[in-house]
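In the working numbering, the protein residues as written are 1 to 225.
Have a look at the structure below before the remarks.
So, in structure tokens, the structure goes:
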């Protein structure tokens with residue numbers, strides 16, 4: 001633990017008056033659509049914003065399906081794939097409710113050994129997805145799905161994924177809007193000081209995003225091409 005991390009823990013515990021975490025693991029860098037998160041690009045996302053768009057379990061499982069040391073590329077498409085898988089799990093959990101004959105000791109050993117292997121959650125989830133994607137609802141699948149709920153309790157799992165997508169906004173849409181507003185603001189400032197070259201460059205930058213800027217007497221608006 002470096003002083004920076006000690007400070008993070010101290011700040012969090014002073015703010016919440018709660019213990020920050022039992023275990024501290026430093027994850028790899030997070031990219032958005034293969035771009036590094038950066039204030040200059042305008043693609044910064046915090047956890048509060050993400051939770052307004054996606055269920056917490058979807059975000060949680062997305063990160064757990066990557067080894068924590070590796071860089072992670074976050075995108076709406078990848079989160080949608082995680083959601084589809086979790087909806088499938090939810091359905092099978094519902095289908096297998098109240099059906100249980102024995103514990104899956106072998107599977108649990110695989111899970112525990114994977115997690116002991118440098119917290120290899122990606123490997124552990126691989127065992128789940130291998131069976132969840134099978135169509136047949138076999139006895140082993142039933143045990144596996146029930147074991148899923150037990151072992152996922154480690155990560156605070158709750159079976160509450162909603163398959164309604166009507167309220168979802170993609171990260172790309174959110175970041176595009178923020179980036180466009182930043183371009184418009186910078187372009188308006190360039191026009192005020194008659195820096196026409198910079199204004200033209202910013203218009204071209206907007207066009208690369210598929211955006212047409214429209215100048216009117218009331219200001220600048222935009223639309224998608």
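Every residue, glycine too, gets a C-beta built ideally from N, C-alpha and C.
Quick caveat: nothing in here was measured; it's all calculated off a predicted structure.
Check, Outcome
"Pull the bridge partners of residue 216 from the DSSP assignment, please.", "219"
"Got a sec? Which residues, its chain only, sit under 7 Å from residue 61 by beta carbon, not counting five neighbours each side?", "82, 86"
"Relative to the C-alpha of residue 118, which residue among 183, 69, 56, 210 is closest?", "69"
"What separation, rounded to the nearest whole angstrom, lies between the Cα atoms of residue 230 and residue 3?", "No statement about residue 230 is possible, as the shown extent of the chain runs from 1 to 225 and does not include it."
"State the Cα-Cα distance for the pair residue 209 and residue 182, rounded to the nearest angstrom.", "13 Å"
"Just verifying my parser: in three-state terms, what is the DSSP assignment at residue 224?", "strand"
"How far does the beta strand (DSSP E) with residue 30 in it reach, from first residue to last?", "30–32"
"With which residues is residue 36 paired in a DSSP beta bridge?", "31"
"When you compare the CB positions of residue 30 and residue 74, do they come within less than 7 Å of one another, or not?", "yes"
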